[in-house]
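Asks:
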Amino acid sequence: MAREPADQPLLGEVEQLVLLAVLRLGSDGYAVPIRDIIRSEAGIELSRGTIYVTLERLERKGYVTSWFSDPQAVRGGKARRIFRLKPAGLAAVRASKRAIDRLSAGTILMRPAKELA
Amino acid sequence: MKARVVRAALRLVPRDWRSSVADDVMEAAATENRGWAWAAWQAVRVGARMRVASTVDSTRFDLEYALRSLVRARWFTAAATLIFALGIGVNVAVFTAVDRALFRKLPYESPEQIVVMREVDGSGRPLGTMPAAIALEARRLHRGFADLSVSGFTGSFSLGREPDPGGQLRLTAVTHNTLELLGVQVLRGRDFSAADATDKARVALISFDSWKHRFAAAEDVVGRTIFDWPESNSVEIVGVLPEHFIPPSSFLNPLSDGLVLDPDTFTGAPPTARSFPPYVRLEANVSIEAAQAELNGLVDGIRRSLPKPADSSATFIQLVPLNSVLFDRYVDYLWLIVVAASLVLALACANLGSLMLVRNRSREHLAATQIALGAPSWRLVRAGLVESLLLSIAGTALSLLVISWSDAALRAVLPPVFSRYAVGIADGRVLTFALLTAFLCTLVAGAYPSWRISRVDLLPLLQGSERSSRARRVVAGHTLLVAEAALSIILVAGAATTVRSFASLSRTDLGFGPNDLYTVVVGWPRGIEPGGQFQQSLLVVQALRSTPGVASAAAVDINPLSGAIGMNALGPGLRGTSRWRVTSGFFEAMNMRLVAGRQLSGVEVAADAPVAVLSESGLRLWLGLRADEAIGKTLRFPGEPGREIVGVVSDIRSSHAAMPIRRSICRSALTTSGVPSSSSGCRRERRLSPPTSEAGFFRLASPRHPSRSAM
Chain A
-13 MAREPADQPL LGEVEQLVLL AVLRLGSDGY AVPIRDIIRS EAGIELSRGT
37 IYVTLERLER KGYVTSWFSD PQAVRGGKAR RIFRLKPAGL AAVRASKRAI
87 DRLSAGTILM RPAKELA
Chain B
1189 MKARVVRAAL RLVPRDWRSS VADDVMEAAA TENRGWAWAA WQAVRVGARM
1239 RVASTVDSTR FDLEYALRSL VRARWFTAAA TLIFALGIGV NVAVFTAVDR
1289 ALFRKLPYES PEQIVVMREV DGSGRPLGTM PAAIALEARR LHRGFADLSV
1339 SGFTGSFSLG REPDPGGQLR LTAVTHNTLE LLGVQVLRGR DFSAADATDK
1389 ARVALISFDS WKHRFAAAED VVGRTIFDWP ESNSVEIVGV LPEHFIPPSS
1439 FLNPLSDGLV LDPDTFTGAP PTARSFPPYV RLEANVSIEA AQAELNGLVD
1489 GIRRSLPKPA DSSATFIQLV PLNSVLFDRY VDYLWLIVVA ASLVLALACA
1539 NLGSLMLVRN RSREHLAATQ IALGAPSWRL VRAGLVESLL LSIAGTALSL
1589 LVISWSDAAL RAVLPPVFSR YAVGIADGRV LTFALLTAFL CTLVAGAYPS
1639 WRISRVDLLP LLQGSERSSR ARRVVAGHTL LVAEAALSII LVAGAATTVR
1689 SFASLSRTDL GFGPNDLYTV VVGWPRGIEP GGQFQQSLLV VQALRSTPGV
1739 ASAAAVDINP LSGAIGMNAL GPGLRGTSRW RVTSGFFEAM NMRLVAGRQL
1789 SGVEVAADAP VAVLSESGLR LWLGLRADEA IGKTLRFPGE PGREIVGVVS
1839 DIRSSHAAMP IRRSICRSAL TTSGVPSSSS GCRRERRLSP PTSEAGFFRL
1889 ASPRHPSRSA M
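These protein sequence lines are chains A and B, in that order.
Take the first sequence: its position 92, counting from 1, is numbered 78 in my numbering, and each next residue is one higher.
Take the second sequence: its position 21, counting from 1, is numbered 1209 in my numbering, and each next residue is one higher.
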């Protein structure tokens, strides 16, 4: 299979996790659920600081965008900073996934877990 | 109160993120049923993490930006790097040479407790030796002395019985307790012991450099034998001294390659003997002043118990810190060099500042745009400083590279007293100094241009007009130019003064012609009688005279150019005077100016006739006559027959042109038993004192170097 040139800067491991979490959460993507979903789905505990630093970097790189939501419909409810993937972020995640898939092709990673066991 | 603490903690978080983090933290605290303290702690952690990440990111961005910018402006980068390399390189090179003398502690244990005991005359001038009995008695009786040790002559040793083509080892004779007193451990082998001294063992410790270069760092160096010169007695190497060891002495001796045991100083010195100034380790709680006070009382008592000296002029025994004795005479010169090097650095920084100001002119539009888009001033300042830092680091690296390449050449041009103890650039202190200098340069050269560009006048720049900002730029440029000019004037004036001093020094009348003049040092084994030495000297002189290309040759008992002139004083009470015993043709070989009369003839020398030649200053001191009037007069010194003055010659200066001229008299070289030899002194009977030596001088007829075979 012919390889595409690596025109996309490589994502870090944490960046991949955060981008995927934002993708999964859709319009509910703010820091607390992002951290929760990474913990629950990937089993990886990231500190709050790491989540914020990564979100800031991704926003600076143009992979995500953020805005403040309307105040919550509760007494004293605050506006939340919501994140959403930009097309560049989506492309970066795709490129990362493609790279992993290509590297894994033909290895035992591609076999069903039962066989591996 | 609780809310205030949480708000204070949240101030660590960048403003853009503060409300989001506050909400998330408070929500998490509520969900997990945590208190305000936990929320505050979480806010601190998030804030610190974000601050660090932000700083790292922005610094990396600034570095990348500065690198790209410097690569684009490659001529500016090359010039700036060279200027930094010059300024920093000069200072690092000077630091390697002066660090040992000016800033570093001596490599001994508690060096501040080590002092030198020396004798000074009434005017405070230190004498080369002191009564050995005072040193020994003070060692025994002084309650503030932990121990006392003595360094003596530095003698020559060869690796084999035959002359060594690699040059001789120069080992300094010391008492057995020297290393113990200094608190220094040998690198290999063992230290001298009291048993060695009792057994009169012939043992030596060689320096680290000698072990490395002369013995190729041989593992089996301990136990090897070397031979003293010229007697060829064997001496066993028992150990290797640590690297950077400085042999203690009453003066800095850069030519010593190690230590050899002197077993006699503490045992065999007669009451009238004189020894080199000993060094003393004071007890931990004893100050120099207290030790001096006790010593003064002791010395009076010791002097009363000694035979009355022939020279009754008043002298005093003084305790001086060892560091002062070793380095004080060089400190003024070294500081002068340090100041000159600092001026070079300041000039380099001013030059760099000017260059950066000029360069920033072309970047003002960019800076104005960045400021207009919201870039804070401090970011622009920091970007400028990062660029300056990169340049100074590049300059430092280049200078260190050049210094490491030219290390051998630099050491060759330095006097031995500095080159021997100069530290390499791999030394931690040198590298730290280089880095600190680089940071200093960054601040000095980069701060003002960086600050200036962060204060650009936006409106005229963005509108395409530069009128309003020009005035400020001109003032700033003028200030830097004035600073540069002032520094340049100081440097040029300093250089001119140095050149003038050097020219004046080179015009100094030395009293002899140094061109094409060569010295041959001749050593005699102790068994040869003075008369036999003279006959041997004549043979050497004859051999030299018959060598093709040699115009004239002569011999003298002590080389007048070596600085060892204190050893041949004319007698008691005549300090500052000298006597040289010469062969015929001495004045001709030295190309000394004959002021009146004639030279000593070969017949007079051979017969040890009662004749002498005076120097001009000797003439003024002893006769107070005109030169022509002095011819035929008779001079008589204590213990000598009267001598008829047959000639007057020019004064000569010895190893140091700035040294005072010695009032001198020259007589024939034959030493008879009836004439006291001031060169023998107290050390004549010591086994390890150097053999008596003579210096032969010869002058080449044509300016060429004599071949080894001709010697």
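Where a beta carbon is used, it is the ideal one built from N, C-alpha and C, also for glycine.
1. Using three-state DSSP, classify B:Ala1597 as helix, strand or coil.
2. Could you have a look at B:Pro1319 and say whether DSSP puts it in helix, strand or coil?
3. For B:Glu1477, which option in B:Asp1796, B:Phe1333, B:Gly1737 has the closest C-alpha, if you only look at C-alpha atoms?
4. Whose C-beta lies closer than 7 Å to the C-beta of B:Ser1398 among residues of the same chain, with five residues either side of it excluded?
5. Is B:Leu1258 near B:Leu1578, with beta carbons less than 8 Å apart?
6. Determine, for A:Thr36, whether the minimum Cβ-Cβ distance to residues of chain D falls below 8 Å.
7. Determine the chain B residues that contact A:Ala17 at a beta-carbon separation under 7 Å, and present them in chain order.
8. Note down the Cα distance separating B:Leu1598 from B:Ser1580, rounded to an integer number of angstroms.
9. Check whether the Cβ atoms of B:Val1248 and A:Thr36 sit closer than 8 Å, and answer yes or no.
10. My understanding is that B:Leu1429 touches B:Phe1396, with C-beta atoms under 8 Å, so please give their C-beta distance in whole angstroms.
11. Three-state secondary structure (DSSP) at B:Phe1700?
12. Since I believe B:Glu1672 is in contact with B:Leu1535 (beta carbons under 8 Å), could you give me their beta-carbon distance rounded to a whole number of angstroms?
13. Quick one: any contact between the stretch 1517 to 1530 of chain B and the stretch 1614 to 1622 of chain B, if contact means 3 or more CB pairs under 8 Å?
14. Determine the contact status of B:Met1780 and B:Ser1838, defining contact as a CB-CB distance below 8 Å.
15. Nearest to B:Leu1624 by alpha carbon, out of B:Arg1239, B:Arg1313, B:Gly1583, B:Phe1345?
16. Establish whether the CB of A:Lys72 and some CB of chain B are separated by less than 8 Å.
17. Can you check whether the C-beta of A:Lys64 is within less than 8 Å of a C-beta belonging to chain B?
18. Hey, does A:Val39 have any beta-carbon neighbour from chain B nearer than 8 Å?
19. Just to confirm the assignment: which complete beta strand (DSSP E) runs, minimum length 3, are found wholly within the stretch 1262 to 1333 of chain B?
20. Out of A:Glu45, A:Thr40, A:Pro73, A:Gly92, which has the shortest C-alpha to C-alpha gap to A:Val4?
21. Buried or exposed for A:Pro(-9), going by 16 or more other Cβ atoms inside 10 Å?
22. Ends of the alpha helix (DSSP H) at B:Gly1541?
23. Are A:Val50 and A:Arg66 close, meaning C-beta to C-beta below 8 Å?
24. Between B:Phe1415, B:Ala1261, B:Leu1470, which lies nearest to B:Ser1337 when the distance is taken from Cα to Cα?
25. May I ask you to verify whether the stretch 1206 to 1218 of chain B touches the stretch 4 to 19 of chain A, counting CB pairs closer than 8 Å and requiring at least 3?
26. Return helix, strand or coil for B:Trp1417, following the three-state DSSP convention.
27. For B:Pro1404, which of B:Trp1263, B:Leu1347, B:Gly1277, B:Ser1689 has the nearest alpha-carbon?
28. B:Met1238 versus chain A: which residues are under 8 Å apart at the beta carbon?
29. Please name the residue in B:Thr1503, B:Gly1340, B:Arg1349, B:Gly1371 whose C-alpha comes closest to that of B:Phe1454.
30. Compile a chain-ordered list of the residues in the stretch 1214 to 1233 of chain B whose CB is closer than 7 Å to at least one CB of chain A.
31. Since B:Ala1323 and B:Pro1466 are thought to touch, with beta carbons under 8 Å apart, how far apart are those beta carbons, to the nearest angstrom?
32. Please confirm if A:Arg67 has its CB atom under 8 Å from at least one CB of chain B.
33. Classify B:Ser1914 as buried or exposed, calling it buried when 16 or more other Cβ atoms lie within 10 Å of its own Cβ.
34. What did DSSP end up calling B:Gln1724 once you bin it into helix, strand or coil?
35. Can you tell me where the alpha helix (DSSP H) holding A:Thr51 begins and where it ends?
36. If you reduce the DSSP assignment to three classes, tell me which class B:Ser1576 lands in.
Replies: Let's see:
1. Taking the second sequence and counting its residues from 1, one reaches residue 1597 of chain B at position 409. Secondary structure of B:Ala1597 (DSSP, three-state): helix.
2. As a position in the second sequence, residue 1319 of chain B is number 131, starting the count at 1. Look at B:Pro1319 here: in three-state DSSP terms it is strand.
3. Locating residue 1477 of chain B in the second sequence gives position 289, counting from the first residue. The shortest C-alpha separation from B:Glu1477 is found at B:Phe1333.
4. Indexing the second sequence from 1 puts residue 1398 of chain B at position 210. The beta carbon of B:Ser1398 is closer than 7 Å to those of Leu1357, Asp1445, Gly1446 in its chain, skipping five residues each way along the sequence.
5. On the second sequence, position 70 is the one that residue 1258 of chain B refers to. On the second sequence, position 390 is the one that residue 1578 of chain B refers to. Contact check for B:Leu1258 against B:Leu1578 passes: the beta carbons are separated by less than 8 Å.
6. Reference to chain D is not applicable here, since the protein chains of this structure are A and B.
7. Counted from its first residue, the first sequence places residue 17 of chain A at position 31. Chain B residues near A:Ala17: Ser1208, Asp1212.
8. Here residue 1598 of chain B refers to the residue found at position 410 of the second sequence. Here residue 1580 of chain B refers to the residue found at position 392 of the second sequence. Those two C-alpha atoms are separated by around 23 Å.
9. The residue you call residue 1248 of chain B lines up with position 60 of the second sequence. The residue you call residue 36 of chain A lines up with position 50 of the first sequence. Here residue 1248 of chain B is Arg; the residue named in the question, Val, does not match the sequence. A:Thr36 is positioned such that its CB atom lies no closer than 8 Å to that of B:Arg1248.
10. For the purposes of this step, residue 1429 of chain B is taken as residue 241 along the second sequence, with counting starting at 1. For the purposes of this step, residue 1396 of chain B is taken as residue 208 along the second sequence, with counting starting at 1. Beta-carbon to beta-carbon, B:Leu1429 and B:Phe1396 are separated by about 6 Å, close enough to satisfy the 8 Å threshold.
11. In the second sequence, counting from the first residue as 1, residue 1700 of chain B sits at position 512. Three-state result, B:Phe1700: coil.
12. Looking up residue 1535 of chain B in the second sequence gives position 347. Looking up residue 1672 of chain B in the second sequence gives position 484. B:Glu1672 and B:Leu1535 do touch by the CB rule: their CB atoms are close to 7 Å apart, below 8 Å.
13. The way I'd put it, the stretch 1517 to 1530 of chain B doesn't touch the stretch 1614 to 1622 of chain B; fewer than three beta-carbon pairs between them come closer than 8 Å.
14. Counting from one through the second sequence, the residue named residue 1780 of chain B turns up at place 592. Counting from one through the second sequence, the residue named residue 1838 of chain B turns up at place 650. Yes, they are a contact pair.
15. Indexing the second sequence from 1 puts residue 1624 of chain B at position 436. It is B:Gly1583.
16. Within the first sequence, residue 72 of chain A is the residue found at index 86, counting from 1. No, A:Lys72 does not count as interfacial toward chain B.
17. Looking up residue 64 of chain A in the first sequence gives position 78. With a threshold of 8 Å between beta carbons, A:Lys64 makes contact with chain B.
18. Counting from one through the first sequence, the residue named residue 39 of chain A turns up at place 53. Chain B contact via Cβ: present.
19. The stretch 1262 to 1333 of chain B contains, as complete beta strand (DSSP E) runs of 3+ residues, the segments 1302 to 1309 (chain order).
20. Against the first sequence, residue 4 of chain A aligns to sequence position 18. Closest option to A:Val4, Cα to Cα, is A:Thr40.
21. Numbered from its first residue, the first sequence carries residue -9 of chain A at position 5. For A:Pro(-9), the pLDDT reaches just 48, beneath the cut-off of 50, and the residue's location in the model is therefore unreliable, although a value from the coordinates is still provided. With fewer than 16 other beta carbons inside 10 angstroms of its own, A:Pro(-9) counts as exposed.
22. By 1-based counting over the second sequence, the position of residue 1541 of chain B is 353. From DSSP, the alpha helix (DSSP H) with B:Gly1541 extends over 1510 to 1549.
23. Taking the first sequence and counting its residues from 1, one reaches residue 50 of chain A at position 64. Taking the first sequence and counting its residues from 1, one reaches residue 66 of chain A at position 80. No, the pair does not count as a contact, with Cβ atoms beyond the cut-off.
24. Residue mapping note: residue 1337 of chain B aligns to position 149 of the second sequence, counting from 1. The option with the nearest alpha carbon to B:Ser1337 is B:Leu1470.
25. In this structure the stretch 1206 to 1218 of chain B lies against the stretch 4 to 19 of chain A, because at least three pairs of beta carbons, one per stretch, are closer than 8 Å.
26. Translated into positions along the second sequence, residue 1417 of chain B becomes position 229. Three-state DSSP puts B:Trp1417 in coil, outside helix and strand.
27. Within the second sequence, the letter at position 216 stands for residue 1404 of chain B. Before going on, a small fix: residue 1404 of chain B reads as Ala here, not Pro. Per the Cα distances, B:Leu1347.
28. The residue labelled residue 1238 of chain B in the question sits at position 50 within the second sequence. Neighbours of B:Met1238 in chain A, taken as residues at a C-beta separation under 8 Å, are given in chain order as Gly35, Tyr38, Val39, Glu42.
29. Here residue 1454 of chain B corresponds to residue number 266 of the second sequence, with the count starting at 1. If you compare the alpha carbons of B:Thr1503, B:Gly1340, B:Arg1349, B:Gly1371 with that of B:Phe1454, the shortest gap goes to B:Gly1340.
30. The residues in question are Glu1215, Ala1216, Gln1230, Arg1233.
31. For this step, residue 1323 of chain B is matched to residue 135 along the second sequence. For this step, residue 1466 of chain B is matched to residue 278 along the second sequence. Yes, B:Ala1323 and B:Pro1466 are in contact; Cβ-Cβ is about 5 Å, under 8 Å.
32. Within the first sequence, numbered from 1, the residue matching residue 67 of chain A stands at position 81. Interface residue, yes.
33. Because chain B here runs from 1189 to 1899, residue 1914 of chain B falls outside it and cannot be looked at.
34. Along the second sequence, read from residue 1 onward, the residue named residue 1724 of chain B stands at position 536. Correct three-state label for B:Gln1724: helix.
35. As a position in the first sequence, residue 51 of chain A is number 65, starting the count at 1. Run containing A:Thr51: none in the alpha helix (DSSP H); it sits in the beta strand (DSSP E), 50 to 54.
36. For the purposes of this step, residue 1576 of chain B is taken as residue 388 along the second sequence, with counting starting at 1. When secondary structure is reduced to three states using DSSP, B:Ser1576 falls in the helix class.
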